[in-house]
């Protein structure tokens with residue numbers, strides 16, 4: 001009995017690592033609890049078609065937000081000198097501004113094609129997307145500035161404010177003339193408020209040591225030092241986003257309601273994943289990077305984190321798999337009854353995503369970006385192939401089931417590779433060279 005207790009204590013003993021996770025986790029718990037509390041209200045106000053349009057918007061926003069920053073926000077954690085850190089921030093923001101303008105113009109020029117496939121119809125929605133892309137880019141940059149400063153409490157507070165403002169304005173706009181895009185505008189305002197808070201708190205970072213032109217020029221020079229982020233990380237991240245969002249775009253073939261069911265299923269299952277994985281991921285990046293850099297491996301923290309995530313998730317996901325079809329119509333309303341089956345189909349995938357996703361950062365720490373890119377391309381192919389087969393046989397549910405199984409297998413392979421790399425396995429390193 002004592003031996004079991006000591007083992008459990010070892011699994012959940014993280015010291016400072018545990019405290020930082022607790023801070024991040026508490027903010028995520030509160031923000032997700034608020035969202036889940038009011039989500040049933042939104043599902044009764046907005047139709048599945050409204051949620052489908054919202055899901056398509058988020059798909060485009062997620063993809064373009066990654067492109068405009070070039071993934072340089074990830075490199076904010078790396079510079080040793082404070083001046084290089086500041087120049088990198090200015091360079092990232094300047095790049096995001098220029099690329100946002102370019103992408104927005106491109107979207108307007110492509111509007112006939114988008115309208116043909118019922119995607120982001122209307123110039124007003126395209127304009128909102130352009131603004132949201134830049135807001136989201138600055139928001140993500142602010143998050144990594146805060147991570148560099150170990151301001152975990154600030155990040156937690158900002159997440160809570162973001163959710164509260166988003167829900168509040170989504171509800172208010174449901175009573176207005178723009179109800180059909182109320183979810184979208186509410187989300188944009190929530191992110192804007194969060195972005196402003198991050199800018200105000202981190203304003204010392206944005207103080208110019210010289211002219212704006214000189215700061216931007218130096219910033220562009222510094223970002224060339226970290227060119228591997230757009231060259232290797234950006235393609236991998238972009239492919240990952242496409243793989244994750246492809247099902248929603250392809251399922252739109254069956255109508256916005258099917259997309260709405262799928263999107264709602266992702267939200268329900270994604271909540272526990274976000275609840276823990278995001279919190280663990282931010283702190284794990286810092287701790288694992290430090291251990292790998294100073295000790296040559298991060299195997300101990302890798303195993304501790306994996307065991308904790310597995311023990312926390314296995315029972316809830318099993319229960320959700322069996323109870324989802326009965327609980328969904330009770331909680332969200334009878335119009336969402338079909339979403340319960342989609343939740344069942346995606347449960348296995350989200351279980352593996354929950355336990356493996358934070359740990360996969362080891363691949364980046366070990367600088368095996370090529371391996372990461374290979375896996376992301378494979379995921380994209382499987383995503384399109386799975387849903388594509390569902391379209392071929394006219395069964396969206398079968399497509400989603402195949403999508404879930406394919407992802408689960410890849411996550412399992414990810415876990416094995418990450419485990420080997422956590423101890424600097426030379427055989428794996430040679431394999432991807």
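Numbering (full-length UniProt numbering), first residue to last: 1 to 433. By construction, the Cβ of each residue, glycine as well, lies at the ideal position given by its N, Cα and C atoms.
- Taken through DSSP and simplified to helix, strand or coil, residue 233 comes out as helix.
- Annotation for residue 20: 152 and 283 place their beta carbon closer than 7 Å to its own, counting only its chain and skipping 5 residues before and after.
- Around the beta carbon of residue 86, 16 or more other beta carbons lie within 10 angstroms, which makes this residue buried.
- The beta carbon of residue 48 sits closer than 6 Å to those of 257 and 260, all from its chain and outside the five residues before and after it, given in chain order.
- Annotated as proximal: residue 306 and residue 359, with beta-carbon spacing under 8 Å.
- Taking all protein chains shown into account, residue 191 has 16 or more neighbouring C-beta atoms within 10 Å of its C-beta and is therefore buried.
- In the three-state DSSP reduction, residue 240 falls in the helix class (H, G or I).
- Taking the Cα positions, residue 230 is about 11 Å away from residue 369.
- Here residue 397 really is in contact with residue 341; their C-beta atoms are around 6 Å apart, less than 8 Å.
- Per DSSP, the unbroken alpha helix (DSSP H) holding residue 50 starts and ends at 48-69.
- Exposure of residue 108 is indicated by the presence of fewer than 16 other C-beta atoms within 10 angstroms of its C-beta.
- By the criterion of at least three beta-carbon pairs nearer than 8 Å, the region 26-41 is in contact with the region 159-167.
- For residue 73, the closest alpha carbon among the candidates 393, 136 and 343 is that of 136.
- Distance between residue 64 and residue 271, taken at the CA atoms: about 23 Å.
- Per DSSP, the continuous alpha helix (DSSP H) segment holding residue 355 begins and ends at 339-356.
- Residue 325 and residue 347 have their C-alpha atoms spaced approximately 12 Å apart.
- Inter-segment contact for the region 374-386 and the region 234-253 is present: three or more beta-carbon pairs are separated by less than 8 Å.
- The DSSP-derived three-state label of residue 330 is helix.
- Pairing residue 407 with residue 352, the inter-Cα distance amounts to about 8 Å.
- Counting only unbroken stretches of 4 or more residues, the alpha helix (DSSP H) elements lying wholly within the region 133-218 are 152-173 and 182-201, in sequence order.
- The region 164-171 and the region 33-48 touch, with three or more beta-carbon pairs separated by less than 8 Å.
- Straight across, the Cα-Cα distance linking residue 105 with residue 56 is about 19 Å.
- Contact annotation: the region 360-379 does not touch the region 325-337, with fewer than three C-beta pairs closer than 8 Å.
- With a threshold of 16 other beta carbon atoms within 10 Å, residue 124 falls short and is exposed.
- Contact check for residue 51 against residue 263 passes: the beta carbons are separated by less than 8 Å.
- Contact check for residue 297 against residue 423 passes: the beta carbons are separated by less than 8 Å.
- At the C-beta level, residue 154 and residue 166 stay beyond 8 Å of one another.
- At least 8 Å separates the beta-carbon of residue 194 from that of residue 144.
- Residue 246 sits in a helix when the DSSP states are folded into three classes.
- The C-beta of residue 394 has fewer than 16 other C-beta atoms within 10 Å across all chains shown, which makes the residue exposed.
- Within its own chain, the residues whose Cβ lies closer than 7 Å to the Cβ of residue 412, once the five positions on either side in sequence are excluded, are 352, listed in chain order.
- Residue 354 places its beta carbon less than 8 Å from that of residue 313.
- Close CB contacts of residue 100 within its chain, under the 6 Å cut and outside five residues either way in sequence, are with 68, 133 and 134 (chain order).
- Annotated three-state conformation of residue 281 is helix, per DSSP.
- The distance from the Cβ of residue 389 to that of residue 399 is about 6 Å, consistent with a contact at the 8 Å cut-off.
- A distance below 8 Å separates the beta carbons of residue 54 and residue 184.
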